[in-house]
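Numbering (this note's numbering), first residue to last: 355 to 651.
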Ligand code: GUN
């Protein structure tokens, strides 16, 4: 029987949302500002529709204004760029999120680059990537890695310095920003990927394992150091032998829970943190745009 702590992302996210709501309330009463988040959805992707609905609901629950724009699948790139420009210029909009993936005929990079970096609550604009990389103030950090780092800080009582961390996966959305955030916390960070020569050895050396490869149950507990802290970013739907499907992470939970001192489950770990951190970023953006200090989370 394992004595690993199962990190409750659902409760943690609810706590973050409460802090955001308190920050919003303060901004309203002291400065007369209501933060606004605009979400643009192009097309009918069912998973994206669910995300967008949840984002809208949680934005309103936090006391912020939610603006939703649904555009048809055959929307032109120019029409989408015009919408982004309109939102860039709208003073009621503090945060802009264009839901990904976009239809194939639209150049994702061109759209992300068109968003005002100060309103880029996804943190995907190269200006924000550069701010994160250099440690420059005023940046917005991608939501999922931000959620991971908040959970890690909480677990370690705020001090990660000197820990060995391995990030499995090198995506722009999770792996690379996670590397930078862990480095900022003074961890010694390794980024492993599909060409890493000895993945079990890299994982085995780490005090902190962050898995973000998008491959179901790939990272095994047998590789891990006794007492490692494991953050599983993966969300994969797999077939059950008896029929039907279930959600699993990128970590093989059954073996990892035997080695870890703490681990995030899937579902209910990192997942709920992403929208909570989107709300954090929207509040941060609203404060920064008005020359105010953003509350610490
Ligand atoms: N699609 C799935 N997750 C995300 C996200 O965090 N941001 C955006 N823009 N699109 C997504």
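Don't be surprised by glycine CBs; every beta carbon is placed ideally from N, CA and C.
CA-to-CA distance, residue 619 to residue 598, given in whole angstroms: When rounded, the distance between both Cα atoms is 20 Å.
Residue nearest to residue 414 in terms of C-alpha spacing, selected from 454, 436, 372, 434: 372
Contiguous beta strand (DSSP E) assignments of at least 3 residues, all confined to the region 491-545: 518-522
Residue environment, residue 592, which counts as buried when at least 16 other CB atoms sit within 10 Å: exposed
C-alpha gap between residue 580 and residue 499, whole angstroms: 24 Å
Start-end ranges of the alpha helix (DSSP H) lying completely within the region 391-446, minimum 4 residues: 400-415, 431-442
Range covered by the alpha helix (DSSP H) that runs through residue 482: 480-488
For residue 533 and residue 545, believed in contact at Cβ under 8 Å, the rounded distance: 5 Å
Cβ of residue 649 within 7 Å of any chain B Cβ: No chain B appears in this structure, which consists of one protein chain only.
Three-state secondary structure assigned by DSSP to residue 365: helix
Residue 441 CB to nearest heavy atom of the ligand NAP below 6 Å: As presented, the structure is devoid of the ligand NAP, carrying the ligand GUN as its sole ligands.
For residue 638, three-class secondary structure by DSSP: helix
For residue 550, the three-state DSSP class (helix, strand or coil): Correct three-state label for residue 550: coil.
Distance, residue 539 Cα to residue 487 Cα: 13 Å
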